[in-house]
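Below: one structure, written as structure tokens.
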Amino acid sequence: MTERILRINMTTLSGAFEEVPAEWQGIGGRALTSAVVAKEVPPTCHPLGKHNKLVFAPGLLAGSPAAQSGRLSAGAKSPLTGTIKESNAGGTAAQNLAKLRIKALIIEGMPGEDKFYGIQINKDGVTIREEAELIGKGNYEAIKTLMGRIGEKVGVLIIGPVGEMRMSAANISVRDPDGNIRCHGRGGLGAVMGSKKVKYVTIDDSGGPGVEVKDPEKFKNAARAFAKAILEHPVSGEGLPSFGTNVLVNVLNEAGGLPTKNFRYGQFEGHNKISGETMRDTIIKRGGKPKHGCHAGCIIQCSQVYCDEEGEYVTSGFEYETIWGFGANCCIDDLDIIAQADHIMDDIGIDSIESAVIMGVAMEAGIIPFGDGAGALKLLEEIREGTPLGRILGNGAASVGRAYGLTRVPVVKGQGIPAYDPRSVKGIGITYATSTQGADHTMGYAVATNILKVGGFIDPLKNEGQVELSRNLQIATAAIDSTGLCLFVAFPALDIPETMTAIIDMLNAKYGLSLTGDDVIALGKRVLKTEHAFNLAAGFTSADDRLPEFFNEDPCPPHNVTWTFTGEEIDEFWNF
Amino acid sequence: MKITVKLFATFRVGRFAEVTRDYPPDTRVGDIIKELNIPEKEVGMIMLNNRHAEPEQELHDGDNLALFPLVGGG
Chain U
1 MTERILRINM
11 TTLSGAFEEV
21 PAEWQGIGGR
31 ALTSAVVAKE
41 VPPTCHPLGK
51 HNKLVFAPGL
61 LAGSPAAQSG
71 RLSAGAKSPL
81 TGTIKESNAG
91 GTAAQNLAKL
101 RIKALIIEGM
111 PGEDKFYGIQ
121 INKDGVTIRE
131 EAELIGKGNY
141 EAIKTLMGRI
151 GEKVGVLIIG
161 PVGEMRMSAA
171 NISVRDPDGN
181 IRCHGRGGLG
191 AVMGSKKVKY
201 VTIDDSGGPG
211 VEVKDPEKFK
221 NAARAFAKAI
231 LEHPVSGEGL
241 PSFGTNVLVN
251 VLNEAGGLPT
261 KNFRYGQFEG
271 HNKISGETMR
281 DTIIKRGGKP
291 KHGCHAGCII
301 QCSQVYCDEE
311 GEYVTSGFEY
321 ETIWGFGANC
331 CIDDLDIIAQ
341 ADHIMDDIGI
351 DSIESAVIMG
361 VAMEAGIIPF
371 GDGAGALKLL
381 EEIREGTPLG
391 RILGNGAASV
401 GRAYGLTRVP
411 VVKGQGIPAY
421 DPRSVKGIGI
431 TYATSTQGAD
441 HTMGYAVATN
451 ILKVGGFIDP
461 LKNEGQVELS
471 RNLQIATAAI
481 DSTGLCLFVA
491 FPALDIPETM
501 TAIIDMLNAK
511 YGLSLTGDDV
521 IALGKRVLKT
531 EHAFNLAAGF
541 TSADDRLPEF
551 FNEDPCPPHN
561 VTWTFTGEEI
571 DEFWNF
Chain H
1001 MKITVKLFAT
1011 FRVGRFAEVT
1021 RDYPPDTRVG
1031 DIIKELNIPE
1041 KEVGMIMLNN
1051 RHAEPEQELH
1061 DGDNLALFPL
1071 VGGG
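Note that the protein sequences, when read in sequence, are chains U and H.
In terms of the numbering used here, the first sequence has 230 at position 230, counting the first letter as 1, and numbering is strictly consecutive.
Here the numbering used here = 1-based position in the second sequence + 1000.
Okay, here's the thing in structure tokens:
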């Protein structure tokens, strides 16, 4: 069986398999979701209207024995930013889809009646049924119910109440191998799924054809070299498994780039209490898991399971950006409160980074004071309930800023700026400004080279070299996001040349291709240009590639630096 | 002269998180790394008063030195 496209029409409540057109045959993941959106979605359409489409695509290596290959891309026009969007997540769904040889799942149209539906995919095809029982339910309970209905190993893509209510910060949750939750977090794709009245998609790959590898011997050798490089690099082999991404709290605090009190300062007094070092000690003391993978085949294991004082599960995939956001950004120096917030966000289905920026702006507005952890949890419950205040919050940081007439609103193209201050980590500022998807650190992680000294070193406080750095990283990231590999393979890839060779060898062995390094770079460039063209056609201009004004004017201590790039300098980014 | 030394992640194991100690004048960053028995190739980031620094750099009274192994996230 060859790979197929599964197209679901929610207007007619029907699904059909299609052949993969030639132009989409050699691409997967982000390259494919962005190609489908660029070709089939009118750039000026309303993101919550019938003309938008929600596209899921496993990466090119999904379902294969390659380490780190379980990422799933989701794409659409974003209701949060109005731009094209790709957001990728771990969990089992990428592998489930790949094992059924489904290269992309396209959900289009919308039903006439105000009812929710569930989409069930298995080896025999697809069924679409009305869903009543799970509506309004949180993700933890709903996923458990679906596992009970279909089987313990079923892949699940699901929205929570925030997605049902079509709020712009809604995410799409993916069941992980333990029945817990990973998320397509950024850009409000959960609201697009909610607008199509799809509560969940289940993917049961039992009895399916599995994944084809054209040259298994060559693949095995390349996969082995790839795994070796990952385990050899100190970041992916030791740092991430030991401390998770939250090791960055102390790093950024020391570098003066940890945005504090809604981006007023670059250091947080309570940093030690929320640091990766403290978190690791707490997890071990309480009998949680300091390392954990978000998908089968993950050997980096940067995730963890965080328990309360009684040893009961609270959350997993407890990331630096969430902890920074509810911690330093909101001046809450209590990891247990932040873990509870993470649990609620996973349950109601809202992006934890956007929510962190939302809370900082809500505190700026005086809805609750800075440092009020209990208040932050209460506001998350308002979002779950869909109260009028909850909806202002749930539509993103920019929405809160507008509702309260504020100017200190850290967003680019309507999307909240994450955990690295652009004034003191200037390379990441260029990524925030120029990314095709609004402020997003993962689009071109200049922090690696500005702060962590991975892939060389470019002084974080100087403008020189940052545009080129961000451009190179954004191109490489677009390519990696298309393979379905976890972005953390970039750490070894930046320092160990064999990593990239092994990735290309795996792609060639799986598909019988003869790609070179240049082809991969060309793919990355093509993805960025496709996405940029969509945004221009949607009405964006280079004037949108700018940071909020307050970064130009308010110096960020301890370095007391401002953002000093001119528009012309930023616009050089697109000169490739 | 008094120098505050901060260690992070795995460097804390069997050592400390933060101490302020007296060092002779002319002490360099690398001398402290050596004194702590940290192999130089394991050092990912040296931050001196919140700025990246190199082992050859000389220290001054009241300096804050932070040492990290190679770590990452994102």
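Yeah, the Cβ is synthetic: ideal placement off N, Cα and C, and Gly gets one too.
Just so we're clear, the structure is a prediction, and the values are computed from it rather than from any experiment.
Exposure of residue i, with buried meaning 16 or more beta-carbon neighbours within 10 Å
i	result
P259/U	buried
N96/U	buried
V174/U	buried
E1087/H	Residue 1087/H lies beyond the residue range present for chain H, which begins at 1001 and ends at 1074; the question has no answer from this structure.
G1/U	The sequence given here places Met at residue 1/U; Gly does not occur at that position. That one is exposed.
R101/U	buried
E364/U	buried
V1019/H	exposed
A67/U	buried
K39/U	exposed
F116/U	buried
N1037/H	exposed
P555/U	exposed
F17/U	exposed
D1063/H	buried
F576/U	exposed
S14/U	exposed
E569/U	exposed
H184/U	buried
K196/U	buried
I1033/H	buried
E312/U	exposed
I135/U	exposed
E164/U	buried
Backbone secondary structure at residue i - three-state DSSP
i	result
S34/U	helix
V577/U	An answer regarding residue 577/U cannot be provided, because it is not within the stretch 1 to 576 covered by chain U.
C183/U	strand
L473/U	helix
M443/U	helix
V357/U	helix
H46/U	coil
V633/U	Since the first residue of chain U shown is 1 and the last is 576, residue 633/U is not available in this structure.
S14/U	strand
R286/U	helix
F576/U	coil
Residues that residue i contacts on chain U, provided the C-beta gap is smaller than 9 Å
i	result
R1012/H	E277
N1037/H	Those do not exist, as N1037/H stays about 18 Å from chain U at its closest Cβ, beyond 9 Å.
M1045/H	V251, E254, A255, I451, L452, K453
Chain U contact residues for residue i, given Cβ-Cβ distances below 7 Å
i	result
G1072/H	V235, G239, L240, A448, L452, V454, F491
P1069/H	P234, G239
A1066/H	E254
F1016/H	Going along chain U, no residue has its Cβ under 7 Å from F1016/H, so there is no contact; the nearest lies around 12 Å.
Neighbouring residues, chain H, relative to residue i (Cβ below 7 Å)
i	result
H271/U	In chain order: nothing, as chain H lies at least about 11 Å away.
Y320/U	G1073
Y445/U	G1074
P558/U	N1050
Listed by chain order, chain H residues near residue i by CB distance under 9 Å
i	result
T442/U	G1074
F551/U	None at all; the shortest Cβ gap to chain H is about 19 Å.
Contacts that residue i makes with chain U (C-beta to C-beta distance below 8 Å)
i	result
H1060/H	Within chain U, no residue comes near H1060/H; the closest Cβ sits about 17 Å away, beyond 8 Å.
Interface partners of residue i on chain H, CB under 8 Å
i	result
F457/U	H1052
Are three or more beta carbon pairs between the stretch 499-512 of chain U and the stretch 198-214 of chain U nearer than 8 Å?
yes
Can you find at least 3 beta carbon pairs, one from the stretch 228-237 of chain U and one from the stretch 1006-1024 of chain H, that sit closer than 8 Å?
no
Closer than 8 Å between beta carbons: that is the criterion. Which residues of the stretch 241-259 of chain U meet it against chain C?
Among the protein chains in the structure shown, which are U and H, there is no chain C.
Within the chosen definition, does the stretch 63-75 of chain U reach the stretch 12-27 of chain U through at least 3 CB pairs nearer than 8 Å?
no
Only counting runs of 4 or more residues, tell me where the alpha helix (DSSP H) segments fall wholly within the stretch 461-546 of chain U, in order along the chain.
466-483, 490-495, 497-511, 517-537
Quick check on the DSSP output: what are the complete beta strand (DSSP E) runs of length 3 or more inside the stretch 229-282 of chain U, in order along the chain?
none
Does the count of Cβ pairs from the stretch 190-209 of chain U and the stretch 120-140 of chain U closer than 8 Å reach three?
yes
Run through the stretch 114-182 of chain U for me and flag every whole alpha helix (DSSP H) of 4 or more residues, listed as ranges in chain order.
139-150, 161-164
Is the number of C-beta pairs between the stretch 35-51 of chain U and the stretch 530-543 of chain U that are closer than 8 Å three or more?
The stretch 35-51 of chain U makes contact with the stretch 530-543 of chain U, as at least three CB pairs between them are under 8 Å.
Three Cβ pairs or more, each shorter than 8 Å: is that satisfied between the stretch 296-316 of chain U and the stretch 377-395 of chain U?
No, because fewer than three Cβ pairs between the stretch 296-316 of chain U and the stretch 377-395 of chain U fall closer than 8 Å, the two stretches do not touch.
Start-end ranges of the alpha helix (DSSP H) lying completely within the stretch 328-392 of chain U, minimum 4 residues
335-348, 352-364, 373-385
How about the stretch 452-463 of chain U and the stretch 3-11 of chain U: do they share at least three Cβ pairs that are nearer than 8 Å?
no
Report yes or no: do the stretch 339-349 of chain U and the stretch 157-166 of chain U share at least 3 C-beta pairs separated by less than 8 Å?
Contact between the stretch 339-349 of chain U and the stretch 157-166 of chain U is present, because at least three Cβ pairs lie under 8 Å.
Do the stretch 470-484 of chain U and the stretch 264-276 of chain U make contact, defined as three or more Cβ pairs closer than 8 Å?
no
Inter-stretch contact (C-beta, 8 Å, three-pair minimum) for the stretch 235-247 of chain U and the stretch 483-491 of chain U:
yes
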